[in-house]
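Residue numbers (full-length UniProt numbering): 1 to 154. Even for Gly, the Cβ is constructed at its ideal location relative to N, Cα and C. Working notes, beginning with the structure itself.
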């Protein structure tokens with residue numbers, strides 16, 4: 001039961017990642033409804049998995065990672081002018097924190113920041129951005145999260 005719930009957690013995160021990536025690249029918006037539904041499903045699957053395994057530590061660490069990611073994204077949103085980090089990115093960050101935290105603390109606080117930085121540099125280099133161009137940050141955040149999840153899974 002615990003493994004099935006963890007599998008559903010990652011499946012929901014994968015589906016959300018694809019939806020958000022396409023939407024953010026097309027419209028430069030991340031729909032609140034998608035994030036809210038995904039967050040409820042992912043946190044719920046984490047709770048079911050933790051309950052079935054009789055081990056709440058993994059859920060607690062994922063929740064802590066979500067809180068830290070959310071706080072950091074909010075601080076970045078306040079600090080960076082001109083809307084480079086949007087409100088959708090701030091709402092997406094706790095979801096990424098929970099998913100990477102579910103993979104482990106090393107994924108959330110070691111590999112994810114490295115993956116996000118690598119994905120951002122790759123996006124800027126690939127698209128040949130100029131100073132005034134706008135980068136859809138949601139796909140970059142999600143790419144970094146998946147890099148971290150896959151590295152720690154491997």
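In the three-state scheme derived from DSSP, where H, G and I count as helix and E and B as strand, residue 67 is classed as helix. In terms of Cβ geometry, residue 120 and residue 140 form a close pair [threshold 8 Å].
Annotation for residue 30: no alpha helix (DSSP H) segment contains it, and DSSP assigns it neither H nor E. Taking C-beta atoms as the reference points, residue 144 and residue 104 fail to come closer than 8 Å.
Residue nearest to residue 62 within the set 75, 46, 73 is 46 (criterion: CA-CA distance). C-alpha of residue 20 to C-alpha of residue 54: approximately 33 Å in a straight line. The straight-line gap separating the alpha-carbon atoms of residue 64 and residue 90 is approximately 16 Å. Taking a 10 Å sphere around the C-beta of residue 7, we find fewer than 16 other C-beta atoms and assign the residue as exposed. In this chain, residue 85 is not harboured by any alpha helix (DSSP H), its DSSP state being neither H nor E. Residue environment for residue 100: buried (at least 16 other C-beta atoms within 10 angstroms of its C-beta). With respect to the C-alpha of residue 95, the residue from 1, 83, 112 having the closest C-alpha is 112. In terms of Cβ geometry, residue 42 and residue 12 form a close pair [threshold 8 Å]. Less than 8 Å divides the Cβ of residue 135 from the Cβ of residue 124.
Judged by beta-carbon spacing, residue 93 lies within the 8 Å limit of residue 69, meaning their Cβ atoms are closer than that value. In the structure shown, the three-state DSSP call for residue 41 is helix.
Nearest to residue 27 by alpha-carbon distance, out of 86, 14, 152, 15, is 86.
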